[in-house]
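Numbering (the numbering used here), first residue to last: 58 to 419. First the structure, in the form of structure tokens, and then the observations on it.
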Amino acid sequence: MNAASEILMKQELSKEDIVSLLSLTNKEDHDTLIKKAYSIKESCVGKKDYVRGLIEFSNQCKKNCLYCGIRAGNTKVNRYSIPDEEILQVIEFAQKNKFTGIVLQSGEQNNIDFTKRITELIIKIKKATTPEFRITLSLGEQSFETYKEWFDAGAQRYLLRIEASDEELYKKIHPDNELHNYKTRLECLENTKRAGYQTGTGVMIGLPFQTIENLADDLLFIKKMNIDMVGMGPYLEHADTPLYKYKAMLLPLTERFNLSLRMIAVLRIMMPYINIAATTALQSIMPMGRERGLKAGANVLMPNLTPGKYRKSYLLYENKPCIDEEADECLDCLSHRVKMVGEEIAYDEFGDSKHFIKRKNN
Ligand code: SAM
Ligand code: SF4
């Protein structure tokens, strides 16, 4: 019996167990962990993966997160906001291609005009789609009232990564000011849940200053917060960001990639019924990265449906994949790739988090 099998026999994983699993660099142990997570995925959420089309509809952002390529302080970025009509064309394309939901993502803005625009956009999307079509928002920190207004308008899911659940680490990767406050982020996450959303969070893996203990705490944080969906992936550096100067501290890319797979696998074991995304950042490191994520326990894919002309202006990190493609090219290659790893896309399922359904029924 190898080290991984011994730990995996336990009913409940302690922090020490999680640290040991995340530290398994030996191939046999790593593979044992991944296989165990995949068997749990198969029996709890199945081998069909959910897809949501991602629309990065604006890169206008008032914040300055030290890791992000579209931070306000990066003056090299061409700022855009896709008009509603164009967003609705993407939604039409998504419906034609049997998508059962979309994710609207943007930089962070919070003002009355933005709130109102999003409310009206949600209402237009609801009118243009079937009642089951799901809208996920990823628009950063907002007031409880704004979250509620968008929920009441028809959005059902909200993604707000905690980025790093350790307050000290959070402070190291954000400017030290009120706009980037750990407690506010936490409060916002709680408010998305209180407003009624299926709540998603996540972290970046392989950040400078981050320890394996921090990552184990991140997983325990996600479990304690009773989160419904998770998107976590490798941190990838961008030359035009302040965090770039710590490049030499980073794990090599393949190690960051394998550590991300182990994070997904351990989380699937800890929370068998949640939705876990295989993120684009995985694909940036390895062409089959997202599919490897699916084999480690992830069950959600978010193909990029942002019209091609905007993609070069939404570079969160370097080597972001598919920036020269249009949505239909992305879709062709996606279904092919998913089949290659023995999985199927659940084009006709709404893909609500089973964890959320259980949470609501209790
Ligand atoms: N502005 C919203 C927010 O911050 O929640 C949503 C958009 S933001 C670009 C989406 C996510 O991108 C962030 O939560 C962050 O984890 C991720 N991200 C930003 N820069 C990154 C980087 N250099 N490497 C990996 N992920 C990054
Ligand atoms: Fe803005 Fe989000 Fe990037 Fe932070 S992570 S700078 S809030 S887009």
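Where is the CB? At the ideal position from N, CA and C, for every residue including glycine.
Let me make sure I understand the geometry here. Which of the options has the alpha-carbon closest to that of residue i?
i: residue 355; options: 181, 286, 253, 140; result: 286
i: residue 72; options: 277, 371, 402, 407; result: 277
i: residue 341; options: 311, 74, 82; result: 311
i: residue 414; options: 284, 345, 327, 322; result: 284
i: residue 165; options: 216, 259, 418; result: 216
i: residue 268; options: 69, 65, 75, 59; result: 75
i: residue 11; options: 351, 375, 192, 152; result: Not covered by the structure: residue 11. The range shown for the chain is 58 to 419.
i: residue 264; options: 408, 220, 279; result: 220
i: residue 66; options: 88, 93, 84; result: 93
i: residue 152; options: 390, 392, 110, 161; result: 110
i: residue 346; options: 238, 318, 133; result: 318
i: residue 120; options: 255, 196, 296; result: 196
i: residue 222; options: 262, 80, 306, 236; result: 262
i: residue 257; options: 410, 131, 159, 239; result: 410
i: residue 375; options: 339, 407, 112, 357; result: 339
i: residue 271; options: 144, 227, 181; result: 227
i: residue 107; options: 248, 337, 404, 236; result: 404
i: residue 162; options: 169, 184, 138; result: 138
i: residue 205; options: 251, 188, 238; result: 251
i: residue 170; options: 156, 157, 203; result: 203
i: residue 157; options: 323, 187, 201; result: 187
i: residue 402; options: 144, 320, 359; result: 359
i: residue 253; options: 365, 291, 308, 201; result: 201
i: residue 328; options: 378, 366, 416; result: 416
i: residue 143; options: 365, 378, 372; result: 365
Give the straight-line distance between the Cα atoms of residue i and residue j, rounded to the nearest whole angstrom.
i: residue 146; j: residue 289; result: 29 Å
i: residue 141; j: residue 90; result: 45 Å
i: residue 174; j: residue 167; result: 11 Å
i: residue 78; j: residue 225; result: 24 Å
i: residue 233; j: residue 299; result: 13 Å
i: residue 59; j: residue 86; result: 6 Å
i: residue 172; j: residue 62; result: 50 Å
i: residue 82; j: residue 314; result: 12 Å
i: residue 280; j: residue 103; result: 21 Å
i: residue 136; j: residue 363; result: 15 Å
i: residue 389; j: residue 150; result: 14 Å
i: residue 394; j: residue 112; result: 21 Å
i: residue 336; j: residue 418; result: 29 Å
i: residue 407; j: residue 305; result: 43 Å
i: residue 182; j: residue 97; result: 35 Å
i: residue 301; j: residue 114; result: 26 Å
i: residue 68; j: residue 326; result: 10 Å
i: residue 239; j: residue 209; result: 27 Å
i: residue 184; j: residue 273; result: 43 Å
i: residue 236; j: residue 398; result: 43 Å
i: residue 155; j: residue 400; result: 17 Å
i: residue 159; j: residue 391; result: 16 Å
i: residue 321; j: residue 297; result: 29 Å
i: residue 349; j: residue 259; result: 18 Å
For the ligand SF4, is there a heavy atom less than 8 Å away from the beta-carbon of residue i?
i: residue 128; result: yes
i: residue 429; result: Residue 429 lies beyond the range of the chain shown here (58 to 419); nothing can be said about it.
i: residue 361; result: no
i: residue 194; result: no
i: residue 373; result: yes
i: residue 125; result: yes
i: residue 288; result: no
i: residue 197; result: yes
May I ask you to check if the CB of residue i is nearer than 8 Å to at least one heavy atom of the ligand SAM?
i: residue 294; result: yes
i: residue 68; result: no
i: residue 122; result: yes
i: residue 265; result: no
i: residue 218; result: yes
i: residue 259; result: yes
i: residue 249; result: no
i: residue 256; result: no
i: residue 241; result: no
i: residue 378; result: no
CB-CB under 7 Å to residue i, same chain, minus the five flanking residues each way: which ones, in chain order?
i: residue 207; result: 175, 176, 179, 194
i: residue 369; result: 380
i: residue 229; result: 266
i: residue 134; result: 116, 127, 370
Output needed for residue i: all residues of its chain with C-beta closer than 8 Å, excluding positions within five of it in sequence on either side, in chain order.
i: residue 198; result: 165, 167, 217, 241, 242, 245
i: residue 64; result: 70, 74, 77, 78
If we cut at 9 Å on Cβ distances, does residue i have a partner in chain C?
i: residue 211; result: Absence of chain C from the displayed structure is noted, only one protein chain being present.
Given 8 Å as the limit, tell me if residue i has its C-beta closer than that to any heavy atom belonging to the ligand FAD.
i: residue 165; result: Among the ligands present in this structure, namely the ligand SAM and the ligand SF4, the ligand FAD is not found.
Beta-carbon within less than 6 Å of residue i's beta-carbon, same chain only, minus the 5 sequence neighbours each way: which residues are those?
i: residue 212; result: 179, 192, 194
i: residue 412; result: 285, 330, 331
i: residue 295; result: 126, 374, 375
i: residue 353; result: 91, 94, 318, 321, 322
request  = Please go through the region 84 to 155 and give each complete beta strand (DSSP E) segment of 3 or more residues, from N-terminal end onward.
outcome  = Counting whole runs of 3 or more residues, the region 84 to 155 contains the beta strand (DSSP E) stretches 105 to 108, 110 to 115.
Within the region 154 to 186, ranges of the beta strand (DSSP E) (whole runs, at least 3 residues) = Secondary structure in the region 154 to 186: the beta strand (DSSP E) runs of 3 residues or longer, each lying completely within the stretch, are 158 to 163 in chain order.
message = So within the region 334 to 418, which uninterrupted alpha helix (DSSP H) runs reach at least 4 residues, ignoring any that extend past its ends?
response = Listed in chain order, they are 337 to 342, 346 to 352, 365 to 368, 384 to 397, 411 to 418.
key: Whole runs of the alpha helix (DSSP H) within the region 188 to 266, excluding any shorter than 4 residues   = Listed in chain order, they are 201 to 210, 224 to 229, 239 to 251.
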